[in-house]
Amino acid sequence: GTAGNVVANRLSENPSHSVLVLEAGGSNAGVLDIIVPFFGTRATRNTPQDWNYTMIPQTASNGRSLAYASLFHCAFR
Numbered sequence: 001g002t003a004g005n006v007v008a009n010r011l012s013e014n015p016s017h018s019v020l021v022l023e024a025g026g027s028n029a030g031v032l033d034i035i036v037p038f039f040g041t042r043a044t045r046n047t048p049q050d051w052n053y054t055m056i057p058q059t060a061s062n063g064r065s066l067a068y069a070s071l072f073h074c075a076f077r
């Protein structure tokens with residue numbers, strides 16, 4: 001997720017550290033659903049951007065979810 005970039009940024013503040021961030025998957029160059037803010041909601045199930053991550057229901061969430069939280073965070077900075 002996006003937290004990896006935050007950690008990498010903090011680690012790179014120390015000049016004695018060198019940091020490389022690798023992202024999984026191929027290039028999304030030219031994919032408007034990724035490039036244009038708010039088009040990201042179209043990158044849903046059964047698309048190349050869907051890695052089909054699933055999890056078991058969490059009892060503490062009371063039926064709530066945070067779908068696409070990272071995506072929308074970048075659009076509202």
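Here full-length UniProt numbering is used: the first residue of the sequence shown is 1, the next is one more, and so on. C-beta atoms are modelled at their ideal positions from N, C-alpha and C, and glycine is treated no differently.
Item, Value
"Whole-Å CB distance - residue 8 paired with residue 21, under 8 Å assumed", "5 Å"
"Secondary structure of residue 77, DSSP reduced to three states", "With a pLDDT of 43 at residue 77, under the threshold of 50, the predicted position of this residue should be treated as unreliable, though the coordinate-derived value follows. Reduced to three states, the DSSP call for residue 77 is coil."
"Supposed close pair residue 6, residue 12 - CB separation, criterion 8 Å", "Their Cβ separation, rounded to whole angstroms, is 11 Å, which puts residue 6 and residue 12 out of contact at 8 Å."
"Distance, residue 53 Cα to residue 76 Cα", "Note that residue 76 has pLDDT 44, beneath the 50 cutoff, so the model's placement of it is unreliable and no number is given."
"Residue 16 at chain D interface by Cβ criterion, 8 Å", "Among the chains of the structure shown, chain D does not appear; only one protein chain is present."
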